[in-house]
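> Those sequence lines, one after another, are chains C and E. Mapped onto the working numbering, the consecutive letters of the first sequence carry residue numbers 1 to 202. Mapped onto the working numbering, the consecutive letters of the second sequence carry residue numbers 1001 to 1208. Virtual Cβ for every residue (Gly too), placed ideally from N, Cα, C. Note that the structure is a prediction, hence the values are computed from the model and not measured.
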Amino acid sequence: MNEETACLHCDMLANVAGLKEGESAFCPRCGHFLTRKLRDPYGRVLSFTIAGIILLIMANSYSFLSFSSTGLESVITLRQTPGAVWDYGMPEVAIMVAAFIIIIPAFILVLLLLLCIPLHAGHYHPWLIPVAKGIFLTQNWSMVEVFIIGVIVSLVKIAAMATVELGISFWAYAGFSICFTLAVSNLDRYQCWERIEALQRA
Amino acid sequence: MTTPATTAASRNLAACHLCCKLAPPELHHCPRCGAALHLRKSDSIQRTLALLITACLLYIPANLYPIMITDQLGTSEGSTILGGVIILLHHGAIPVAAVIFVFSVMVPIGKLMAMFYLVWTVKRHTPVSARQRTTMYQITEFVGKWSMVDVFVVAILVALVHLGGLLAIRPGIAALCFAGVVIVTMIAAESFDPRLIWDEMEERNRDN
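#1: Which same chain residues, not among the five before or five after F100 of chain C, have their C-beta less than 7 angstroms away from its C-beta?
#2: Report buried or exposed for L1027 of chain E, applying the criterion of at least 16 other Cβ atoms within 10 angstroms of its Cβ.
#3: Determine which residues of the segment 1159-1187 of chain E have a Cβ less than 8 angstroms from any Cβ of chain C, and write them out in chain order.
#4: Note down, in chain order, every chain E residue with its Cβ under 9 angstroms from the Cβ of C116 of chain C.
#5: Within the segment 1004-1040 of chain E, note down every full alpha helix (DSSP H) run reaching 4 residues or more, in order along the chain.
#6: What is the DSSP secondary structure of A14 of chain C, reduced to helix, strand or coil?
#7: Please state whether DSSP places S1042 of chain E in a helix, a strand or coil.
#8: Got a sec? Which residues, its chain only, sit under 7 angstroms from L1037 of chain E by beta carbon, not counting five neighbours each side?
#9: Please check if any C-beta of chain E sits within less than 7 angstroms of the C-beta of Q139 of chain C.
#10: Per the contact definition of three or more C-beta pairs closer than 8 angstroms, is the segment 1140-1153 of chain E in contact with the segment 1179-1189 of chain E?
#11: Nearest to V110 of chain C by CA position, among C:L56, C:E197, C:R195, C:W171, is which residue?
#12: Quick one: what's got a C-beta closer than 8 angstroms to P28 of chain C's C-beta in the same chain, skipping five residues either side?
#13: Taking a cut of 9 angstroms between CB atoms, which residues from the segment 1148-1159 of chain E lie near chain C?
#14: For P1194 of chain E, would you say it is in contact with chain C, using Cβ-to-Cβ distances shorter than 7 angstroms as the test?
#15: Would the beta-carbon of A162 of chain C be found less than 6 angstroms away from any heavy atom of the ligand HEM?
#16: Count the other CB atoms within 10 Å of the CB of N1205 of chain E; is the residue buried (16 or more) or exposed (fewer)?
#17: Within 10 angstroms of the Cβ of N204 of chain C, are there 16 or more other Cβ atoms? Answer buried if so, exposed if not.
#18: What does a CB cutoff of less than 7 angstroms around A1055 of chain E pick up in its chain, not counting 5 residues either side in sequence?
#19: Would you kindly report the start and end of the unbroken beta strand (DSSP E) that includes P1171 of chain E?
#20: Alpha carbon to alpha carbon, how far is L1118 of chain E from H1125 of chain E?
#21: For I135 of chain C, tell me which candidate among C:I53, C:M90, C:L115, C:A98 has the shortest Cα-Cα distance.
#22: State the DSSP-derived secondary structure class of T1002 of chain E, mapped to helix, strand or coil.
#23: By the 9 angstroms beta-carbon criterion, what residues does the segment 1-21 of chain C contribute toward chain E?
#24: Just verifying my parser: in three-state terms, what is the DSSP assignment at V1085 of chain E?
#25: For M1 of chain C, which residues in the same chain have their Cβ closer than 7 angstroms to its Cβ, ignoring the five residues on either side in sequence?
#26: Less than 6 angstroms between C-beta atoms, sequence neighbours within five positions excluded: which residues of the same chain meet that for F180 of chain C?
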């Protein structure tokens, strides 16, 4: 196995052979994070992924927020957030919102399942390489944590106007955003690719 | 001067941007994952600059036009990004006003300025060290997507605030322009290659 890697931010070569479990490597020149070794990384990612998928399904099944004023009430689900923007004639914005908060994160979670089950069990499959590429190409484009901040800001904005209640779906989405972030951050790019290559050779 | 650092490029190795594999750039494709392989991101400066100019142009309508329109009892009133911050300040919601101001005004402008500065200084000698400029790039890359907060706020309010004919909120054209600014600057940050900053420094060290 080749134990040398180059920093993607300054091109400095670094030898990461001596890295032990629980240690992280940073570039000696620019300080950029290189890689880290975890104990049972794929087991960790899998558990957060499975929890995230269950929570995302829940977040799509119940009411997200309800808004009531002077006897009138409006209840929305998570999907209606991009849906309403679409109805007002802005399909581009609706597609972006749906992609960043639901579609891309759901896609990444499914790919994480396909990637981490074989890596955890130690089997090689030809789909591992395209699946890993899909994850690392799209992971910058999920905005689940940003959306949570967006919900909180919206609530404060209209709190004076009417009574707003948080539905089960909101709490499920909040839990999903935590699980999703932990699943993605526990997957180390360098270690994951080295493992795929080692399994391919075996 | 300091001894030249051992970079991947000095040993004729290119690091794959997707899987970190080191391979000679003559292969053109990464031997492990098959992604396109380059010593440096291709046409990095031109692409980044073109995207930055696009973002600047989009940022003008994003601030001039209303980002959302409130229809209340037959009257409709639009509010721009800055207008929304001022209304929140009048209501005394200072923390939320600060969040919106930071993510929708300071982050996009700061990001555009930082990226223009990095592109401008990449081939020049500056008092700001290469390491500091790389940190600047890392911050720019990290904060990028947080500007989407305002677009999400509009989407949530549009869906939620809908009470018969009494009260409704519609999205304004600025929401589309602003989402465009965020996405285009994110792509600009991705197309910039911070290794160019270090290449310039090494060249200077060699000349000395």
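Well, looking at it:
#1: Within the same chain, F100 of chain C has close Cβ partners W141, S142, M143.
#2: The residue is exposed, with fewer than 16 neighbouring Cβ atoms inside 10 Å.
#3: Of all residues in the segment 1159-1187 of chain E, A1159, L1160, V1161, H1162, L1163, G1164, L1166, L1167, R1170, P1171, A1175, L1176, A1179, I1183, M1186 have a Cβ within less than 8 angstroms of some Cβ in chain C.
#4: Per Cβ cutoff of 9 angstroms: no residues; C116 of chain C is ~16 angstroms from chain E at best.
#5: Within the segment 1004-1040 of chain E, no complete alpha helix (DSSP H) run reaches 4 residues.
#6: Assignment of A14 of chain C by DSSP, reduced to helix, strand and coil, places it in the strand class.
#7: In this structure, S1042 of chain E counts as coil in the three-state DSSP scheme.
#8: When the five nearest sequence neighbours on each side are left out, the beta carbons in the same chain lying within less than 7 angstroms of the beta carbon of L1037 of chain E are those of A1014, C1016, A1023, P1025, L1027, H1028, H1029, C1030, in order along the chain.
#9: By this cut-off, Q139 of chain C is not an interface position.
#10: Contact holds: three or more Cβ-Cβ distances are below 8 angstroms.
#11: Residue C:L56 is the option with its Cα nearest to V110 of chain C.
#12: Closer than 8 angstroms at Cβ, skipping near neighbours: M12, A14.
#13: Taking 9 angstroms as the cut-off between beta carbons, the residues of the segment 1148-1159 of chain E near chain C are M1148, V1149, D1150, V1151, F1152, V1153, V1154, A1155, I1156, L1157, V1158, A1159, in sequence order.
#14: Yes - at least one Cβ of chain C is within 7 angstroms of the one on P1194 of chain E.
#15: In the structure on display, the ligand HEM does not appear, and there are no ligands present to speak of.
#16: Taking all protein chains in view, the Cβ of N1205 of chain E is surrounded by fewer than 16 other Cβ atoms within 10 Å, so the residue is classified as exposed.
#17: Because chain C is modelled from 1 through 202, residue 204 of chain C falls outside the range shown and cannot be assessed.
#18: Apart from the 5 residues on each side of it in sequence, A1055 of chain E sits with its Cβ closer than 7 angstroms to the Cβ of L1112, V1181, V1184, T1185, A1188 in its chain, given in chain order.
#19: Element bounds for P1171 of chain E: 1167-1171.
#20: Their Cα atoms are separated by approximately 12 angstroms.
#21: Per the Cα distances, C:L115.
#22: With a pLDDT of 47 at T1002 of chain E, under the threshold of 50, the modelled position of that residue is not reliable, and the figure given next carries that caveat. Three-state DSSP puts T1002 of chain E in coil, outside helix and strand.
#23: Within the segment 1-21 of chain C, the residues whose Cβ lies closer than 9 angstroms to any Cβ of chain E are, in chain order, N2, E4, T5, A6, C7, L8, H9, C10, D11, M12, L13.
#24: If DSSP states are grouped into helix, strand and coil, V1085 of chain E belongs with the helices.
#25: Residue placement at M1 of chain C is flagged as unreliable, the pLDDT there being 47, under the threshold of 50; the coordinate-derived value follows with that caveat. Closer than 7 angstroms at Cβ, skipping near neighbours: E194, A198.
#26: Excluding sequence neighbours, F180 of chain C sits near G52, P105, V144.
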